[in-house]
Amino acid sequence: MPARRVVTGRSQEPRKRFAEELKSLRTERGLSLRKLGEVAGWDWSLFSKMEKGETLGGPEVVQALDQYYGTGRMLLALWEPAVGDPTQFKERYRRYMTLEAEAMSLWYYALGAVPGLLQTPAYARTFLATSGMDGEELTAQVEARTGRRELLTGDDAPPFRAILSETVLRTALPDLTAWREQLEHLLTMGERRNITIQVMPHAAGPHALTTTDVMFLRLTDGRPVAWVETGHSGDLVEEPAAVERLQLLYDRVRDLALSPADSRKFIMWNLEEASCEPSA
Numbered sequence: 290m291p292a293r294r295v296v297t298g299r300s301q302e303p304r305k306r307f308a309e310e311l312k313s314l315r316t317e318r319g320l321s322l323r324k325l326g327e328v329a330g331w332d333w334s335l336f337s338k339m340e341k342g343e344t345l346g347g348p349e350v351v352q353a354l355d356q357y358y359g360t361g362r363m364l365l366a367l368w369e370p371a372v373g374d375p376t377q378f379k380e381r382y383r384r385y386m387t388l389e390a391e392a393m394s395l396w397y398y399a400l401g402a403v404p405g406l407l408q409t410p411a412y413a414r415t416f417l418a419t420s421g422m423d424g425e426e427l428t429a430q431v432e433a434r435t436g437r438r439e440l441l442t443g444d445d446a447p448p449f450r451a452i453l454s455e456t457v458l459r460t461a462l463p464d465l466t467a468w469r470e471q472l473e474h475l476l477t478m479g480e481r482r483n484i485t486i487q488v489m490p491h492a493a494g495p496h497a498l499t500t501t502d503v504m505f506l507r508l509t510d511g512r513p514v515a516w517v518e519t520g521h522s523g524d525l526v527e528e529p530a531a532v533e534r535l536q537l538l539y540d541r542v543r544d545l546a547l548s549p550a551d552s553r554k555f556i557m558w559n560l561e562e563a564s565c566e567p568s569a
């Protein structure tokens, strides 16, 4: 394996750094994008988008490039922080995303949509498109959102609890195939030892978080913070007394939610219902 090249002077932003490295490796070998696509076995237009920073690609294509260039795991090592790079998120979310990536544990109440950490790409695309995003911006934000899922699946993944309002499971995607995939993904993620999924049934009646999404993070210093989202605005709450009040409300909701086992049955029932309906 060739020695790792000096990259001093490259961008310090992980996403840009990854794109710069891809382009440098290709141009140093005198390859056109089309030729790279032929020898690496992937569509050349994907490599074009990756070099422009429009997309990061998946781990499979990055590993294929590492193998072709003989760079060991160098590109994969650059790709991993690029996926979690907070600069790819809209500015008002960046501090939260940085804290999320470092959290020791996370717990969430979802009012109307599946939490971002549990979304499939198709689900994320559908919901992000409702805000008016399209084209390259939409693709970039879908990648940013679904890339966060790596946080829950690593060897040292933190504990994560998600309480889903029944509304989340009653709001199907127009594409029923994509909706079934999302429900199946919830069931798969719920099997992981670090993930607990519960459902808050409508039958429980009004409760303290009826109109509020809230995510709690326990930071490395043991301090909890909260992200509160209502409608089209969100705020990071760090003041201890305010976080404690929100946590008491969350605990009351958890007391009313279905058990993890009954919640799994509820999701399976929704999946069975969706499977009985013809795809659009």
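Here this note's numbering is used: the first residue of the sequence shown is 290, the next is one more, and so on.
The C-beta atom is built at its ideal place from N, Cα and C for all residues, glycine as well.
Note that the structure is a prediction, hence the values are computed from the model and not measured.
Inset, instruction - Throw me the rounded Cβ distance for the residue 304 and residue 371 pair, which I believe falls under 8 Å. - result: 5 Å between Cβ atoms; contact.
Legend entry - the stretch 395 to 412 / the stretch 317 to 337 touching (three or more Cβ pairs under 8 Å): The stretch 395 to 412 makes no contact with the stretch 317 to 337: fewer than 3 CB pairs, one atom from each, lie closer than 8 Å.
Inset, instruction - Scan the stretch 450 to 485 and note each continuous alpha helix (DSSP H) run of 4 residues or more that stays entirely inside, going in chain order. - result: Qualifying alpha helix (DSSP H) stretches, in chain order: 455 to 459, 465 to 479.
Inset, instruction - Specify, as a first and last residue, the run of the alpha helix (DSSP H) that residue 396 falls within. - result: No alpha helix (DSSP H) contains residue 396, which is instead part of the beta strand (DSSP E) from 394 to 399.
Legend entry - CA-to-CA distance, residue 344 to residue 552, given in whole angstroms: 35 Å
Legend entry - 7 Å Cβ shell around residue 473 - same chain, five flanking residues per side excluded: 560
Legend entry - Which of helix, strand or coil DSSP assigns to residue 524: Reduced to three states, the DSSP call for residue 524 is strand.
Inset, instruction - Return the first residue and the last residue of the beta strand (DSSP E) that residue 502 is part of. - result: Here the beta strand (DSSP E) through residue 502 covers 502 to 507.
Inset, instruction - Whole angstroms is fine: what's the gap from residue 442's alpha carbon to residue 334's? - result: 29 Å
Inset, instruction - Use the C-beta contact count for residue 415: other C-beta atoms within 10 angstroms, 16 or more gives buried, fewer gives exposed. - result: buried
Legend entry - Other residues of its chain near residue 468: CB distance less than 6 Å, five sequence neighbours each side excluded: Exclusion of the five residues before and after residue 468 leaves 461, 462, 563 as the residues of its chain whose Cβ lies within less than 6 Å of its Cβ.
Legend entry - Closest residue to residue 510 among 337, 392, 439 (Cα-Cα distance): 392
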